[in-house]
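**Q** In full-length UniProt numbering, the protein residues as written are 1 to 161.
Glycine is no exception: its CB is placed at the ideal position from the N, C-alpha and C atoms.
Below, the structure is given as structure tokens:
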């Protein structure tokens, strides 16, 4: 009876080792595919930046790049942020309204922000009278585009400066 238990235990150990080897092979294949996709993504991003610096399209939001020869403990590529910090300007409805709008456009170009995200992002950084103005704009235009935002913004705040 002891031999039978030892035989079953040996079978379980063999099955476990086979399954473990198969899992390791699958993980290596996944890591290789992930590395290849990451390289393709970086290469396509570099190609698109070199051919069109004004593109509003982006492959990802987090603006990062792969470090050359750098690998994480899990076998994947390491990412290095391109920018450590870029603050989006706030606006209260007073002060340099044209300057604020120009800084917004500059920020959006730098971050390659999609047009459909610009109004939401900018409106989050409005305070005081500017926030009240935006709430009224949103009441009048359910989802204003960035161009509409700028068109209505100009007469509202340029007249007061």
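Going by DSSP in three states, residue 126 sits in which element: helix, strand or coil?
**A** Start at 1 with the first residue of the chain shown, and residue 126 comes out as number 126. Note: residue 126 maps to strand in three-state DSSP.
**Q** Does residue 88 come out as helix, strand or coil in the three-state DSSP assignment?
**A** Your numbering for residue 88 matches position 88 in the chain shown. Three-state DSSP puts residue 88 in coil, outside helix and strand.
**Q** Rounded to a whole number of angstroms, what is the C-alpha to C-alpha distance between residue 25 and residue 38?
**A** Mapped onto the chain shown, residue 25 falls at position 25. Mapped onto the chain shown, residue 38 falls at position 38. When rounded, the distance between both Cα atoms is 20 Å.
**Q** Could you tell me the boundaries of the alpha helix (DSSP H) in which residue 97 lies?
**A** Taking the first residue of the chain shown as position 1, residue 97 is located at position 97. Its alpha helix (DSSP H) spans residues 97-111.
**Q** Please name the residue in 146, 153, 117 and 122 whose C-alpha comes closest to that of residue 133.
**A** Locating residue 133 in the chain shown gives position 133, where the first residue counts as 1. When only C-alpha atoms are compared, the closest one is 153.
**Q** Just how far apart, CA to CA, sit residue 10 and residue 42?
**A** On the chain shown, residue 10 is found 10 positions in, with the first residue counted as 1. On the chain shown, residue 42 is found 42 positions in, with the first residue counted as 1. Near 48 Å, if we compare the C-alpha coordinates of residue 42 and residue 10.
**Q** Which same chain residues, not among the five before or five after residue 19, have their C-beta less than 8 Å away from its C-beta?
**A** Working through the chain shown from its first residue, we reach residue 19 at position 19. Cβ within range, chain order: n/a, list empty.
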